[in-house]
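Presented below is the structure to which this report refers.
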Amino acid sequence: MNQDIESYQEMFARVKDNGEGAFIPFVVVGDPDFETSLEIVKTYVDNGADALELGFPFSDPIADGPTVQAADIRSLNSGMTTRRGFEFIKRIREFTNIPLGLLVYYNLIYKMGADEFYKAAKESGLNGILAADLPPEEAEILLDTADKYGLDQIFMAAQTTSNERLEKIAEMCSGFLYVVAVMGVTGARSELADTTVELVSRVKSHSDLPLAVGFGISRQEHVRNVLSAGSDGAIVASALLNIIGENLENKEVMLTKIGSFCRELKEATRK
Amino acid sequence: MISKGKFGKYGGVFVPELLIPALEELEAAYLKYKDDEKFNDELDYYLKDFAGRPTALYYAENLSGKLGCKIYLKREDMLHTGAHKINNTLGQGLLAKYMGKTRLIAETGAGQHGIATAVVGALLGIPTEVYMGSEDVQRQKLNVFRMELSDGVVLPVESGSRTLKDAINEAMRDWITNVDTTYYLIGSTMGPHPYPTMVKHFQAVIGRETKKQIMEKEGKLPDTIMACVGGGSNSMGIFSAFVEDEEVELIGVEGGGDGIDSGHTGATLTIGTEGVLHGSLSYVLQNDDGQINEAHSVSAGLDYPGVGPEHAYLKDTGRASYDAVTDKEALESFKLLSETEGIIPALESAHAIAYAKKYAEKEENKGKTIVINLSGRGDKDMDLVAKEMGVEV
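Protein chains in written order, with our numbering: chain A, -9 to 261; chain B, 12 to 404.
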């Protein structure tokens, strides 16, 4: 299936042609275990995911709130490693060709060595990599490696990011730009800040890249709000991981709930 | 950022994008005030009249006789709140005030840095909240009470291993969320730039005083300087004045725990490997995948799986050397110093004493002049040491 992998550019064009925004759910690979996690991903794909954000678990996830950290711990306890993570992605590639992005903390890349990591990432069928704790200041070194293996290096833009930095980030970034909706860490929130809308339009005016907004997107109305503000996609993480965490004892219920929540969120991307 | 804060390849700013502007603001403020006359006058005043500087350089005659070397102790243990930590919290607390920040947050392991931050918060009138692993809250109830007496709010951290590294994670998350109003007062020469450089700057007073004092007493530089290394701030503080003096041997002593090969150790530089943790590239204790291991040391201040990036640089360049002593050796030296000199050291500092004992036993080191940074006093460790000795208090 590797031959037919859809690029981010193609995916964003496809959903735009349909008059939609992209729905991008997140999962920590191996949460709560390898096979269940794979079924969760399949449920995402079968219920409207336009692309996937896949997290490798890390022991010290400073950009994440308690929900993602709990998922990281479940995954690590089930024996997830970097190598198994890439095996997991290969398994995903057996049933879908939509863009797959990896969200990772930089130490996992550093430990394996950037070249080996990016090579394995490419071979597994990933489209792009975002290192949560790697700002442009430190990322220069990875851009050539990403280029060498034909992977997108994705960056984050936040409310605290100045226009000057935005332009620098946009220049280094490919695939799409990950817009951080809130001042804070990942986690489901009931309200979306007004400043999110302003941020989306500010980023739009400094970058031609497709935008996907994440952090705190947990309801249909949040998805509608960020898309109507001009975002091309919405990334949903903690709200989905909460369903996993709350239904560990009953996989069928978990998958049913995830499926219907995904359909709701996808529905909200249709204008 | 004006500088990337690199020591060779180590250091850097490995943090989420959200924090970069805050680090830029901090770097700018630090560079503005570090040579500002008014700022330094105020800091000097507090260091002298509030904290009790300068601290003595004490010739430990009894211990010297026993070990066969000439041993001086830099008495940071005599400072207010009981350790060198106050040098840094006064410096950064004042910086926070000059920056107009209205809230201090800090992480703490055993509670020493938390206390030093809380008292500075009280002194300068800035509300202070301290993240502390719930495991540590249980182990260090007295220190929690001390922080609360100074009007600090202690926030127990339930995530991860519920110890220092998780307290740091949580403090960083808080800072990410409240970056406009909040100053994150990191307690050691670790974290993203500018912290390692800035904390060294505020701790460098230890080295400056030591150099002046030893020249007065001995008329020459010491042969060797020893200090314990957890995150690395007391050691970097005393090393900094002597790094250029190549003839002075610099030795950092880590918390070996049950032994460096036991899997229960805090000896990051001794057995760790390169990695990125809490904002900088340095040595870390990690597995083959880069997942961070839990550290172990009887001394909470040395119980950390990372270490300041400049130490990594000094190790690689060979300018300083690093070794570890075990919990058991540290406890023996805790008693040794108490008995021979009537000075009860912090368990952290007892590691440096233990190393000095081993060092002095070697023939080639006989008669050398050694300065040991006695970074803190042992009051905080009474419960633990009594328990280890099987004594009921």
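Each residue gets a CB set at the ideal place from its N, CA and C atoms; glycine is no exception.
In the DSSP annotation of this structure, the continuous segment of the alpha helix (DSSP H) that includes R155 (chain A) starts and ends at 153 to 162. One alpha carbon belongs to I52 (chain A), the other to F25 (chain B), and they sit about 11 Å apart. A136 (chain A) and I79 (chain A) have their C-alpha atoms spaced approximately 18 Å apart.
Taking all protein chains shown into account, D256 (chain B) has fewer than 16 neighbouring C-beta atoms within 10 Å of its C-beta and is therefore exposed.
Note that the C-beta distance between R179 (chain A) and G206 (chain A) is below 9 Å. Annotation: Cβ neighbours of G174 (chain A) in chain B (cutoff 7 Å, chain order): I187, T188. Contacts between F25 (chain B) and chain A, judged by CB atoms closer than 7 Å, involve Y96, D123, L124, E128 in chain order.
If you check the CB distance, G174 (chain A) and R64 (chain A) do not come in under 9 Å. With respect to chain A, the C-beta atom of N245 (chain B) has no partner C-beta closer than 9 Å. Contact check for P205 (chain B) and L54 (chain B): beta-carbon distance about 17 Å, past the 8 Å limit, so the pair fails to qualify.
Cα atoms of A341 (chain B) and H362 (chain B): separation of roughly 5 Å, rounded to the nearest angstrom. In the three-state scheme derived from DSSP, where H, G and I count as helix and E and B as strand, I207 (chain A) is classed as coil. Between V17 (chain A) and E43 (chain A), the gap from beta carbon to beta carbon is short of 9 Å.
Taking a Cβ-Cβ cut-off of 7 Å, the neighbours of T71 (chain A) in chain B comprise D300, given in sequence order.
For G266 (chain B), the closest C-alpha among the options B:A357, B:A94, B:S170 is that of B:A357. The C-beta of M226 (chain B) has fewer than 16 other C-beta atoms within 10 Å across all chains shown, which makes the residue exposed. Residue pairing by DSSP puts T235 (chain B) in a beta bridge opposite B:E260, B:I381.
In this structure, the straight-line span from the alpha carbon of L105 (chain B) to that of I119 (chain A) is close to 40 Å. Inter-residue distance for K152 (chain B) and S161 (chain B) is about 15 Å (C-alpha atoms, whole angstroms).
Counting only residues of its own chain and dropping the five nearest sequence neighbours on each side, Q214 (chain B) has a CB closer than 7 Å to the CB of H95, N98, N99, S244, N245, M247, G248. Among the CB atoms of chain B, one or more fall inside 9 Å of the CB of S152 (chain A). Near chain B, meaning a CB-to-CB distance below 8 Å, no residue of the segment 188 to 211 of chain A qualifies. From the beta-carbon of I(-5) (chain A), no residue of chain B is found nearer than 9 Å; the closest lies around 26 Å away.
In this structure, the straight-line span from the alpha carbon of I82 (chain B) to that of V259 (chain B) is close to 14 Å.
Within the segment 326 to 365 of chain B, the runs of alpha helix (DSSP H) at least 4 residues long that lie entirely inside it are, in chain order, 338 to 352. Annotation note: the segment 182 to 210 of chain B contains the following uninterrupted beta strand (DSSP E) runs of length 3 or greater, listed N- to C-terminal: 193 to 195.
Beyond the five residues adjoining it in sequence on each side, P207 (chain B) comes within less than 7 Å, by CB distance, of G16, G22, T200, M201, S291, G319, P320, E321 in the same chain, given in chain order. Beta-bridge analysis with DSSP links Y70 (chain B) to B:Y83. Listed along chain B, the residues sitting closer than 7 Å to Y100 (chain A) by beta-carbon distance are G286, V287, G301. C-alpha of R260 (chain A) to C-alpha of D7 (chain A): approximately 11 Å in a straight line. The C-beta separation of M89 (chain B) from G111 (chain B) comes to about 33 Å, leaving the pair out of contact by the 8 Å criterion. Your pair A12 (chain A) and D222 (chain A) checks out as a contact, with CB atoms roughly 6 Å apart and the cut at 8 Å. The criterion of a C-beta distance shorter than 9 Å is not satisfied by L29 (chain B) and M244 (chain A).
Taking C-alpha positions only, F85 (chain A) is separated from F76 (chain A) by approximately 15 Å. For the C-beta of M146 (chain A), the chain B residues within less than 9 Å are, from N- to C-terminus, P27, E28, L29.
Close to M110 (chain B), with beta-carbon spacing below 8 Å, lies no residue of chain A; the smallest spacing is near 16 Å.
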